[in-house]
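Right, one structure below, let's go through it.
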Amino acid sequence: MQARKLCDRYDHESAFGGAKRPIDDDACLRDALGAVAAAWHVGVLEAYDAGLCVLGLRKSGKPHKHCACASPTSSWGEKATHHTHSSANRPSDRVAAAVANLTAADAAVYAAARARFERDRAALDAACHGT
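For the sequence shown, numbering that gives the first Met the number 0 begins at 0 and goes up steadily by one.
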């Protein structure tokens, strides 16, 4: 799904009722992973504030004034939960397995994006501490 969007092979026609075109999922995953690796900036939602700090560092070469070097990964100091409780939204095991099967490529792309983000965040930490 997201992996197919990143590899530019999303089947727009079948999404709107047209004829389904075959998609090479292995090639698509390789392209999507390449897109993550080549992206100028990668952020992840659960580390949104830190992502903004990494973006600022990438853009200007120094941490943004709101990114505290003492704790660069918790800039702005707030973690928004939007008052949701994920434990209340758990799908059945059968549904969770079906979703995992549908989104296996997305999980691989997310893992690559998360690893890329952590490398970039380590660079922010090094810049803050002059290493």
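Just so it is clear, CB atoms sit at the ideal spot from N, CA and C, and this is done for glycine as well. Predicted, not measured: the structure shown is a model, and the values here were computed from it.
| query | What separation, rounded to the nearest whole angstrom, lies between the Cα atoms of Leu5 and Ala114? | reply | Counting from 1 along the sequence shown, the entry for residue 5 is found at position 6. Counting from 1 along the sequence shown, the entry for residue 114 is found at position 115. Looking at the two C-alpha atoms, the distance is approximately 17 Å.
| How far does the alpha helix (DSSP H) with Leu51 in it reach, from first residue to last? | Looking up residue 51 in the sequence shown gives position 52. Counted as a single uninterrupted DSSP element, the alpha helix (DSSP H) harbouring Leu51 occupies residues Tyr47 to Ser59.
| query | Are the stretch 88 to 98 and the stretch 24 to 34 in contact at 8 Å, needing three or more beta carbon pairs? | reply | no
| CA-CA distance, Asp119 and Val53? | Position 120 of the sequence shown, counted from the first residue, corresponds to residue 119. Position 54 of the sequence shown, counted from the first residue, corresponds to residue 53. Distance between the alpha carbons of Asp119 and Val53 is about 7 Å.
| field | Span of the alpha helix (DSSP H) around Val35 | value | Along the sequence shown, one-based indexing puts residue 35 at 36. First-last of the alpha helix (DSSP H) with Val35: Asp24 to Ala37.
| Quick one, are the C-beta atoms of Asp105 and Ala2 less than 8 Å apart? | In the sequence shown, counting from the first residue as 1, residue 105 sits at position 106. In the sequence shown, counting from the first residue as 1, residue 2 sits at position 3. In contact: Asp105 and Ala2 (Cβ atoms closer than 8 Å).
| query | Would you call the CB atoms of Phe116 and Gly50 closer than 8 Å? | reply | Numbered from 1 along the sequence shown, position 117 holds the residue referred to as residue 116. Numbered from 1 along the sequence shown, position 51 holds the residue referred to as residue 50. Yes, they are a contact pair.
| request: Can you tell me which of the three DSSP states Cys127 falls into? | output: Stepping through the sequence shown from its first residue, residue 127 is reached at position 128. Reduced to three states, the DSSP call for Cys127 is helix.
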